[in-house]
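The opening residue of the sequence shown carries number 800 in our numbering; numbering runs sequentially from there. For glycine and all other residues, C-beta sits at the position ideal for the given N, C-alpha and C. Report on one structure; see the data block that follows.
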Amino acid sequence: LTHTAITIVCEFAIILIQTFWVAQKLAPYLELKFERTKSKVQMKDIVLRASQHNDDIEQDNNNGDWTPDDNAGADNVQQQKNAISMHDILSRNESFTAFTFHIVKEFSVEILVSYVEFTQLLQYLFTNYDEMISVQVHDSEVDDILIDLPSTAPLSYIIKTATNGELAANKKRTSVFGGSAKRETKESPTEQRGLVPQRNKNDVKLLVLFIGSSLYNKYVKKNAELEINISSGLRKKFMALFTRKSHNDQDQDVELELDDVVQLFVDANKAMHRLLSYSFARFKTKKDFHRMLESSQRKSLSIAARVSVGSEHKVSA
């Protein structure tokens, strides 16, 4: 009896320790201070709703769901599923939420939220100040990893505050499902200046350093609350750049090049995109992925039925 009692107490202690550990691990992710201008949904709400399988978070008319061909055979449907890319998933409301749920279960939320913020920073810079950035930094490979995120992806509070809300004005419409979610053709410099205040290159460097220092402290600095997994070489480059005291003096011109700062976040974003691709490969083998596709198919059939009934009423009238 004594042995049995000790065994039960030990098992209970192990379960209790595991419970507290999981709760502590999730705590930072559920307290993120993201905001967005389109609604009051925050990353905390997305995680909670995703965990409840609530896939109806604020559907956007510009962000359609995955719709398989109803007349396709089983093999063709499977081919369509295999053809769905990570860009397709992260550029749609419902699928973005489903993938967030998967990321939460893998305890890797820092990968997704850092990718979201890095992407929004780079898209903001490339949209408004691309002429100040060299083609070696902003090349086609960089465009390939930048995903047009849906409305459920919260706007970065850090970037939105630093730019006085300019980030929201630059949020772009997602492309039609089935292709890569690349940015649309950029506006001319004249059109861009109508959206954001004019800044010289030094002002842009100071702005990027200001935003970058906050992102560095949040994701890159050793023992940061949401520390991301990047190479030691890249982390050292971040540390060398964002621990320089001379950058705090905004009355002096910044000596380093804008390309040097942007390149760091390009490299960090590539690393997060690569880690997300590994997680996405695992996601496609999970029931959540197939449940998401089935849900989208049911919705598309329901919409088609309503359209058909509406057309019949018009004809009879």
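- [ ] Identify whether L945 lies in helix, strand or coil by the three-state DSSP scheme.
- [x] By 1-based counting over the sequence shown, the position of residue 945 is 146. L945: coil per DSSP, three-state reduction.
Task: Close-in-space but distant-in-sequence residues of the same chain around V915 (CB under 8 Å, 5 per side omitted) - done: The residue you call residue 915 lines up with position 116 of the sequence shown. The residues are L948, A952, P953 and S955.
Task: Three-pair Cβ contact test at 8 Å for the segment 1066 to 1085 versus the segment 894 to 904 - done: In this structure the segment 1066 to 1085 lies against the segment 894 to 904, because at least three pairs of beta carbons, one per stretch, are closer than 8 Å.
- [ ] Would you mind stating whether V1065 and V1007 have Cβ atoms separated by less than 7 Å?
- [x] As a working note, residue 1065 is residue 266 in the sequence shown. As a working note, residue 1007 is residue 208 in the sequence shown. For V1065 and V1007, no; Cβs fall outside 7 Å.
- [ ] Report yes if the C-beta of T801 is less than 6 Å from at least one heavy atom of the ligand COA; otherwise report no.
- [x] Although the ligand COA was asked about, the structure shown includes no ligands whatsoever.
Task: Own chain, CB closer than 7 Å to N1016, minus 5 neighbours either side, in chain order - done: Numbered from 1 along the sequence shown, position 217 holds the residue referred to as residue 1016. A1023.
Open item on the list: Between which residues of its own chain and L785 is the CB-CB distance below 6 Å, once the five residues before and five after are set aside?
Closed with: The displayed coordinates of the chain run from 800 to 1116. Any statement about residue 785 would go beyond what the structure contains.
- [ ] Consult DSSP for I1027 and reduce its assignment to one of helix, strand or coil.
- [x] Looking up residue 1027 in the sequence shown gives position 228. If DSSP states are grouped into helix, strand and coil, I1027 belongs with coil.
Task: Assigned secondary structure, D938 (DSSP; H/G/I helix, E/B strand, else coil) - done: Along the sequence shown, one-based indexing puts residue 938 at 139. Here D938 sits in coil by DSSP.
Task: Nearest neighbour of H1072, chosen from I1029, K1036, Q935 and R1090 [CA to CA] - done: Translated into the one-based positions of the sequence shown, residue 1072 becomes position 273. When only C-alpha atoms are compared, the closest one is I1029.
Task: Spatial neighbours of L1033 in its chain, beta-carbon cut-off 8 Å, leaving aside the 5 residues before and after - done: Residue mapping note: residue 1033 aligns to position 234 of the sequence shown, counting from 1. In the same chain as L1033, and ignoring 5 residues on each side of it, the C-beta atoms closer than 8 Å to its own belong to L1063, D1066, A1067 and A1070, in chain order.
TODO: Compute the distance between the beta-carbons of F1009 and A961, then report whether it is under 7 Å.
DONE: The count along the sequence shown starts at 1 and reaches residue 1009 at position 210. The count along the sequence shown starts at 1 and reaches residue 961 at position 162. In this structure, A961 lies closer than 7 Å to F1009 by Cβ.
Task: Inter-residue Cα distance where the pair is N1001 and Y928 - done: Here residue 1001 corresponds to residue number 202 of the sequence shown, with the count starting at 1. Here residue 928 corresponds to residue number 129 of the sequence shown, with the count starting at 1. Going from the Cα of N1001 to the Cα of Y928 covers about 12 Å.
TODO: Measure the Cβ-Cβ separation of D1058 and V941 and say whether it is below 7 Å.
DONE: Residue 1058 sits at position 259 when you count from the first residue of the sequence shown. Residue 941 sits at position 142 when you count from the first residue of the sequence shown. No, the pair does not count as a contact, with Cβ atoms beyond the cut-off.
Open item on the list: Classify T818: buried if its beta carbon has 16 or more other beta carbons within 10 angstroms, exposed otherwise.
Closed with: Residue 818 sits at position 19 when you count from the first residue of the sequence shown. That one is exposed.
Open item on the list: I need the DSSP call for T951, collapsed to helix, strand or coil.
Closed with: For the purposes of this step, residue 951 is identified with residue 152 of the sequence shown, where counting begins at 1. Note: T951 maps to coil in three-state DSSP.
Open item on the list: Helix, strand or coil for T896? Go by DSSP, reduced to three states.
Closed with: Numbered from 1 along the sequence shown, position 97 holds the residue referred to as residue 896. In this structure, DSSP gives T896 a helical state, which the three-state scheme calls helix.
Task: Residue span of the alpha helix (DSSP H) that contains F925, given as start and end - done: Reading the sequence shown from its first residue, position 126 is the one you call residue 925. First-last of the alpha helix (DSSP H) with F925: V908 to N927.
Task: Local Cβ density within 10 Å of L800, reported as buried at 16 or more and exposed below that - done: Stepping through the sequence shown from its first residue, residue 800 is reached at position 1. Classification of L800: exposed, given that the 10 Å Cβ count is below 16.
- [ ] In the DSSP assignment, find the alpha helix (DSSP H) that holds T960 and state where it starts and stops.
- [x] One-based indexing of the sequence shown puts residue 960 at position 161. That run of the alpha helix (DSSP H) goes Y956 to A961.
Task: N1068: first and last residue of the uninterrupted alpha helix (DSSP H) it sits in - done: Locating residue 1068 in the sequence shown gives position 269, counting from the first residue. It spans L1057 to F1082 - the alpha helix (DSSP H) in which N1068 sits, taken as one unbroken run.
Task: Beta carbon of S958 nearer than 7 Å to that of Q919 - done: By one-based count along the sequence shown, residue 958 stands at place 159. By one-based count along the sequence shown, residue 919 stands at place 120. Before going on, a small fix: residue 958 reads as Ile here, not Ser. Taking 7 Å as the cut-off, the beta carbon of I958 is found closer than this to the beta carbon of Q919.
Task: Same chain, Cβ closer than 8 Å to F998, five either side skipped, listed in chain order - done: Looking up residue 998 in the sequence shown gives position 199. Per the sequence shown, residue 998 should be read as Arg rather than Phe. Close CB contacts of R998 within its chain, under the 8 Å cut and outside five residues either way in sequence, are with Y928 and L1006 (chain order).
Task: Cβ-Cβ separation, E1026 to E909 (assumed contact under 8 Å), whole Å - done: Against the sequence shown, residue 909 aligns to sequence position 110. Against the sequence shown, residue 1026 aligns to sequence position 227. That belief holds up - the Cβ atoms of E909 and E1026 are roughly 7 Å apart, short of 8 Å.
Open item on the list: Assuming N1001 is part of the alpha helix (DSSP H), what are its boundary residues?
Closed with: As a first step, residue 1001 must be located in the sequence shown, where it is residue number 202. Residues K1000 to L1014.
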